[in-house]
Amino acid sequence: MKDLIKIDHLSTYFDNGNGKVKAVDDISLRVREGETVCIVGESGCGKSVTAMSIMGLVEEPGGKVVNGQIHFNGKDLLQLSKNELRTIRGNDISMIFQEPMSSLNPVLKIGEQIMEPLIVHQNLSKKEARERAIQLIEQVGISRAGQIVDSYPHELSGGMLQRIMIAIAISGNPKLLIADEPTTALDVTIQAQILDMLRQFKEQSNMSIMLITHDLGVVAEMADYVIVMYAGKIVEEGEVVKLFQSPKHPYTQGLLKSKPVINQRQDELYSIPGQVPNPLELTESCYFHDRCAHCMDICRTKQPKLSEVAEQQKAACWLYEEAVVHV
Amino acid sequence: MSLNSTPLPGTIGAKQPLAKSSSLFGQSMQKLLKNKLAITGLVVVVMMLLACFIGPFFSPYTDNKVNMAMMNKAPNLKHWLGTDALGRDVLTRVLQAGRISLTVGFASMVLSVFIGSLLGAIAGYYRGIVDQVIMRIADLLLTIPGLPLLFIGGSLLSEWKVPTEYRMYIVMFMLGFVNWPGLARMVRGQMLSLREREFMQAAVVLGLRDRRKLFNHLLPNIFPLLIVIATLNIGGSILSESVLSFFGLGVMAPTPTWGNMIDAANNLIDFQERPWLWIPPGFSIFATVIAINIFGDGLRDVLDPKQKR
Ligand SMILES: Nc1ncnc2c1ncn2[C@@H]1O[C@H](COP(=O)(O)OP(=O)(O)OP(=O)(O)O)[C@@H](O)[C@H]1O
Ligand code: SF4
Ligand SMILES: [Mg+2]
């Protein structure tokens, strides 16, 4: 499979006066055609910032992509002009957000919001765009589409709005869909429907998906490949089955342990002890060291590199570096 | 690569039945109708408009002929509100003056809302240097109180001997110009917060042009605010124009406005002995401005509840 998007050494920093936050710190990843890559990690580990960097949503002042390349179809998105970027956004790459309620403009009708990118990118007339909008609404499984086009966001439920967001996102037949926690705000049954729908569109159109989530159930269901992030870094990545069967990085192991297992009641759900480190106080080390049960001396002073630990699986942890003498 | 359009399993319909009049505007108007005070204000304004713009057609005195035989007559059956120093019918003049005053008020509002919202929107959306330049100019204008500024403008017009028939238009521009900075500042504030909202990120992600984002996505969000400000603005402009004209610095005779009609009664004798000269225009200003403001406040309550004073 060909690489659709390839990110090399991407670093995105924020500086809001009281110090530099390395929200994304030298990460490399790729998504191949037709593949679903999931990015997981606790809150604040840089998942959304990764997506924002791809979409060019990191705005100065405050945030800046300080380093790296994002190759999409052979072009480096970070080097493109505003105009070139605009023809890619909403067309080849589209994105859906966590909060469907706030991702739609409250004062514009649903139909207008679906029609706009169609008019802009596909040069449809108003009438054609409206017909296509109705079609799209039906396609995402909402009945009475004729009525829905003329309603306002506040008149629909969260699940319906997320479907509308998906309708907008797929309207341009994108090659890549970035979904930033698309189901977190929805209840469980609707979550499943939305995920089903994404999967079906993906299969119909050979679209690639970059799915951001902290729900490992979603990962198990959707992913081909998983990337685990911690404090702005990729700590482990691998093919989904491998990673679930034999997680290598202690953080991934902890994440998997904290996932409730069906039919198996635990008195207390496991949770990784400690908290995500303050991004302002990070020094050269394994950022996970103060929460890690296997912490060694070297972990406190040197950062482990992401390297192959098994076939199709990489981890950044001193436990797997051969040069280190294990104590 | 295309998506076939078979609906997926798990099709859902509208959860709640969609309300019939689903437009936000329709809903607001229904709420407005329940506000008696606001509706009273609206009725007064509409009646004033009708009277001023249609009333004169039914008057036999629209030619404003000077009639020395009929000077300063008290209200009587032929001249309901009496006649002025030149023997002209006061009622007819009040209505004709109303046309001018209302038009000037409305036109200057349109101008200030246009300039103010455009500049405010651009400043708030682009921020940075554009914002700096626009807002510094606005601040500068805001530090000089409006009325003195208008007085200076009016005096200049007199100094330069601007023909009286043009003064009306120039006064419109002056009023519009004085009012835009406050409005621009308000619109800018709204823009600054709106542009950070998630739906604007979603609009960026759609690959829309700035112009589209600004005018199709952001401005509609502040329409309610604009409507309220615009309404209140008309009242303010009418008042300013009256003050200006009263001091002989605004629209000048022979073009009648409510302000310069009161000015005609500016000596003590007229003021005490001939109240029909100044009460009708004075009352018109008072009633119109109050009615517009009451209506504007009512509008604010339904359209923009956050901004309640
Ligand atoms: N606009 C911003 N200004 C300053 N710092 C930011 C900004 N956006 C993100 N950050 C910082 O970047 C880091 C990563 O944030 P990010 O939103 O990517 O987390 P996340 O993994 O998406 O978390 P969540 O699961 O809560 O969505 C955080 O420490 C956050 O404080
Ligand atoms: S590098 Fe050390 S501290 Fe970090 S995860 Fe591995 S063992 Fe734990
Ligand atoms: Mg996030």
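If you're matching them up, the sequences are chains A and B in order.
Going by this note's numbering, 157 is the number at position 171 of the first sequence; the sequence numbering is gapless.
Position in the second sequence counted from 1, then plus 665, gives you this note's numbering.
By construction, the Cβ of each residue, glycine as well, lies at the ideal position given by its N, Cα and C atoms.
Contacts between Phe880/B and chain A, judged by CB atoms closer than 8 Å, are missing: the closest CB pair is about 12 Å apart.
At least 8 Å separates the beta-carbon of Val836/B from that of Gly770/B. Around Asn77/A, the beta-carbon contacts reaching into chain B at under 8 Å are Gly872.
Taking Pro259/A as reference, the option from Val204/A, Ile13/A, Cys278/A and Glu141/A with the minimal CA-CA separation is Cys278/A. Residue list for ligand 3: Lys33/A, Ser34/A, Gln84/A, Asp166/A, Glu167/A and Ile198/A (CB closer than 7 Å to any heavy atom, chain order). The residue among Ser773/B, Ile809/B and Asp749/B with its C-alpha nearest the C-alpha of Asp935/B is Asp749/B. Taking 8 Å as the cut-off between beta carbons, the residues of the stretch 65 to 94 of chain A near chain B are Leu71, Arg72, Thr73, Ile74, Arg75, Gly76, Asn77, Ser80, Met81, Phe83, Glu85, Ser88, Ser89, Leu90, Asn91, Pro92, Val93 and Leu94, in sequence order. Listed along chain B, the residues sitting closer than 7 Å to Met41/A by beta-carbon distance are Val870. Annotation for Arg801/B: the continuous alpha helix (DSSP H) segment containing it runs Gly793 to Thr808. Of the candidates Leu751/B, Met833/B, Ala803/B and Val778/B, the residue whose Cα lies closest to the Cα of Thr896/B is Val778/B. Residue environment: Lys161/A is assigned as buried (16 or more neighbouring CB atoms within 10 Å of its CB, all protein chains considered). Asn53/A has Ser(-3)/A as its beta-bridge partners, per DSSP. Residues of chain A whose Cβ lies closer than 8 Å to the Cβ of Arg862/B are, in chain order, Ser88. Near ligand 2, meaning a Cβ closer than 7 Å to any of its heavy atoms, lie the following residues in chain order: His235/A, Pro236/A, Tyr237/A, Cys272/A, Phe274/A, His275/A, Cys278/A, His280/A, Cys281/A, Met282/A, Cys285/A, Pro290/A, Cys303/A, Trp304/A and Leu305/A. Take Leu242/A, set aside five residues on each side of it, and the residues of its chain with a beta-carbon closer than 6 Å to its own are Pro233, in chain order.
When the alpha-carbon of Glu297/A is set against those of Tyr256/A, Gly224/A and Cys285/A, the nearest one is in Gly224/A.
Taking Asp62/A as the centre and dropping the five residues before and after it, the same chain places the C-beta of Gln55 closer than 6 Å to its C-beta, in chain order.
Residue contact check for Pro168/A against chain B: no CB pair falls below 8 Å.
Within the same chain, Cβ atoms closer than 6 Å to the Cβ of Leu776/B are found at Gly841, the five residues on either side in sequence being excluded.
In the DSSP assignment, Leu197/A forms a beta bridge with Cys24/A and Ala165/A. In the DSSP assignment, Ser293/A falls outside any alpha helix (DSSP H) and within the unbroken beta strand (DSSP E) covering Ser293 to Ala296.
Excluding sequence positions up to five before and after Asn732/B, its CB lies within less than 6 Å of the CB of Gly752, all in the same chain and listed in chain order. Cα atoms of Ser773/B and Phe838/B: separation of roughly 6 Å, rounded to the nearest angstrom. In this chain, the alpha helix (DSSP H) harbouring Glu102/A covers Ile96 to Gln108. DSSP lists Glu223/A and Glu294/A as the bridge partner or partners of Lys300/A. Contact of Ala867/B with chain A is assigned, a C-beta pair being separated by under 8 Å. Partner residues in the beta bridge of Leu15/A, as assigned by DSSP, are Ile(-7)/A.
For Arg149/A, the closest alpha carbon among the candidates Ile82/A, Glu222/A, Ile25/A and Ile284/A is that of Ile82/A.
The beta-carbon distance between Arg75/A and Val870/B, rounded to whole angstroms, is 6 Å. This is short enough to meet the 8 Å contact definition.
For Gly706/B, the closest C-alpha among the options Tyr791/B, Ala952/B and Trp941/B is that of Ala952/B.
Between Met(-13)/A and Phe864/B, the alpha-carbon positions lie close to 34 Å from each other.
Each of Ile955/B, Ile809/B and Ala867/B was checked against the Cα of Gly900/B, and the nearest Cα belongs to Ile955/B. Per DSSP, the continuous alpha helix (DSSP H) segment holding Met87/A begins and ends at Pro86 to Ser89. Look at Ser80/A here: in three-state DSSP terms it is strand.
Of all alpha-carbon atoms in Thr269/A, Leu15/A and Met208/A, the one lying nearest the alpha-carbon of Ala217/A is that of Thr269/A.
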